[in-house]
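Residue -10 in this note's numbering sits at position 9 of the sequence shown, and the numbers go up by one each step.
Where is the CB? At the ideal position from N, CA and C, for every residue including glycine.
Computed from a prediction, not measured in an experiment: that's the story for all the values here.
What follows is one structure encoded as structure tokens, with my remarks underneath.
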Amino acid sequence: SDHTEVSSANPARPGEILEVYATGLGPVSPAVSTGDAASSTPLSIATITPVAVLAGVPAQVQFAGLAPSFVGLYQVNIVVPASTPTGDQILILSSNGVLSNPVVVPVRR
């Protein structure tokens, strides 16, 4: 992945991995002290894997945990489902029954 921002000019494509950043996804293992930056060795994995839904289709979550070098920021890597329709689609994460705000993700084939 080239880590470029998804936008209307650079839409996501089915099969691509999106790095989604969030807060409030709960405990991680190993735990990180409040105010400390997350490490990359080892990664701190969310103990409850969030569910990602893009355009009403469940998306595979490849990683969910703290973003290395950041304080309190989670990274969720999801695969854009093969069946995702073209156009502006809604992405929602949910964790432990709590839904994220909807995010618009432009998609094209």
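DSSP places E(-14) in the coil class of the three-state scheme, outside both helix and strand. Listed in chain order, the alpha helix (DSSP H) elements of length 4 or more contained wholly in the stretch 21 to 79 amount to none.
Cβ contact annotation for G46 (same chain, cutoff 8 angstroms, sequence separation greater than five): V9, A19, L24, S25, I26, A27, Y55, Q56, in chain order. Annotation: P83 to T22 spans about 31 angstroms, alpha carbon to alpha carbon. Within the same chain, and ignoring the five residues on either side of R(-6) in sequence, the residues whose Cβ sits closer than 8 angstroms to its Cβ are V61, V88, R89, R90. Note that the C-beta distance between I59 and A36 is not below 7 angstroms.
Going by DSSP, E(-3) is part of no beta strand (DSSP E) at all; its letter is neither H nor E.
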